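Here our numbering is used: the first residue of the sequence shown is 819, the next is one more, and so on. Backbone N, C-alpha and C fix where the C-beta goes; we use that ideal spot for every residue, glycine too. Computed from a prediction, not measured in an experiment: that's the story for all the values here.
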Amino acid sequence: MRFEYEHEGQLHVVDLRQQPDGRYQASWRLVKPPEEGEAEETTLQEKVLDLEVESPHEGRYSVLMDHRSCEIRVGRHGDERRVRTARGQVVFRHLDPYRARSGAGLGEADGRAEVASPMPGRVVELKVAVGDTVEEGQTLVIVEAMKMANEYRSPMTGTVSAVKVAAGDAVDAGTVLIVVEAADD
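Okay, structure coming up:
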């Protein structure tokens, strides 16, 4: 599972993998996005951590990281993530994988967008139904994966034309959850 965040104008990428024993391995990279003509981003710094995570309360995590224990609180405010530890607080901007960097929504070229889960998980809550009018950035569905609630948002203003899952459903990576058709001009 890949997460992208922006902090002080720099792009941070976290790849999180669950190991067979239930622990996680996190690969953190500070990257320079590809410039025009370049195929891939450039890694500036990198660190790999083995994590054991326990989340007794929403947004509060007890983490065993490289044989050191720490408490982490994560607050969500829109696309902002406030991460608080004993060392202080850092504010990141979460880069939504369903919104293009240019600000244009996915699927706008053909007037249709399929919102899919990028990782396996369980549908916790549907926020829309077929026929609902939605705004770009509006939360459509919440999927729990690796003890985290992930909000998937509409990449465009339009109408929900299909809801392909129900609350409680288990989903695989790539499963289409919701289909949105662009609003008529």
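Tell me residue i's beta-bridge partners as DSSP assigns them.
{"i": "Leu944", "result": "Val959"}
{"i": "Glu870", "result": "Leu882"}
{"i": "Gly976", "result": "Val952 and Ala1000"}
{"i": "Ala931", "result": "Val998"}
{"i": "Asp839", "result": "For Asp839, which the question treats as bridged, DSSP gives no partner whatsoever."}
{"i": "Arg902", "result": "Arg891 and Gln907"}
{"i": "Val849", "result": "Leu829 and Thr861"}
{"i": "Met964", "result": "In the DSSP output, where bridge partners are listed per residue, Met964 has none listed."}
{"i": "Gly855", "result": "Its beta-bridge partners do not exist; DSSP assigns none."}
{"i": "Val981", "result": "Ile996"}
{"i": "Ala844", "result": "Leu834 and Leu867"}
{"i": "Gly939", "result": "Val989"}
Going by beta carbon distance, what residues of the same chain come within less than 6 Å of residue i, once the five residues before and after it are set aside?
{"i": "Ala988", "result": "Arg940"}
{"i": "Glu822", "result": "Val831 and Leu913"}
{"i": "Ala1001", "result": "Thr975 and Gly976"}
{"i": "Ala980", "result": "Val997"}
{"i": "Arg835", "result": "Gln843"}
Is residue i near residue j, with beta carbons less than 7 Å apart?
{"i": "Val997", "j": "Ala934", "result": "no"}
{"i": "Leu944", "j": "Val961", "result": "no"}
{"i": "Leu829", "j": "Pro851", "result": "yes"}
{"i": "Arg891", "j": "Gly906", "result": "no"}
{"i": "Asp833", "j": "Arg820", "result": "yes"}
{"i": "Arg930", "j": "Glu999", "result": "yes"}
Identify, in the order they occur along the chain, each residue of the same chain with its Cβ nearer than 8 Å to the Cβ of residue i, setting aside the five sequence neighbours on each side.
{"i": "Ala985", "result": "Val941, Val942, Glu943 and Leu944"}
{"i": "Glu953", "result": "Ser972 and Thr975"}
{"i": "Gln889", "result": "A small correction: the amino acid at residue 889 is Glu; Gln does not occupy that position in the sequence shown. So the list reads Arg878, Tyr879, Ser880, Val881, Thr903 and Ala904, once near-sequence residues are dropped."}
{"i": "Lys982", "result": "Thr993, Val994, Leu995, Ile996 and Val997"}
{"i": "Ser887", "result": "Ser880 and Val881"}
{"i": "Glu858", "result": "Pro852"}
Relative to the C-alpha of residue i, which residue among the options is closest?
{"i": "Val881", "options": "Gln843, Val849, Lys850 and Glu858", "result": "Gln843"}
{"i": "Val871", "options": "Glu856, Gly855, Ala857 and Asp839", "result": "Asp839"}
{"i": "Gly896", "options": "Val983, Glu969, Arg930 and Glu999", "result": "Glu969"}
{"i": "Ala963", "options": "Asp990, Asp950, Gly955 and Val983", "result": "Asp990"}
{"i": "Gln837", "options": "Gly893, Leu869, Val948 and Glu859", "result": "Leu869"}
{"i": "Gly949", "options": "Met937, Val978 and Ala967", "result": "Val978"}
{"i": "Pro938", "options": "Gln956, Val946, Ala947 and Met966", "result": "Met966"}
{"i": "Glu826", "options": "Glu853, Glu898 and Gly855", "result": "Glu898"}
Ordered along the chain, which non-local residues of its own chain (more than five positions away) have a Cβ less than 7 Å from that of residue i?
{"i": "Thr861", "result": "Arg847 and Val849"}
{"i": "Glu824", "result": "Phe910, Arg911 and Leu913"}
{"i": "Gln956", "result": "Arg971 and Ser972"}
{"i": "Ala947", "result": "Val978 and Val981"}
{"i": "Thr951", "result": "Thr977"}
{"i": "Val908", "result": "His825 and Val901"}
At a Cβ threshold of 7 Å, is residue i touching chain D?
{"i": "Ala844", "result": "Looking at the structure shown, chain D is missing, and only one protein chain is on hand."}
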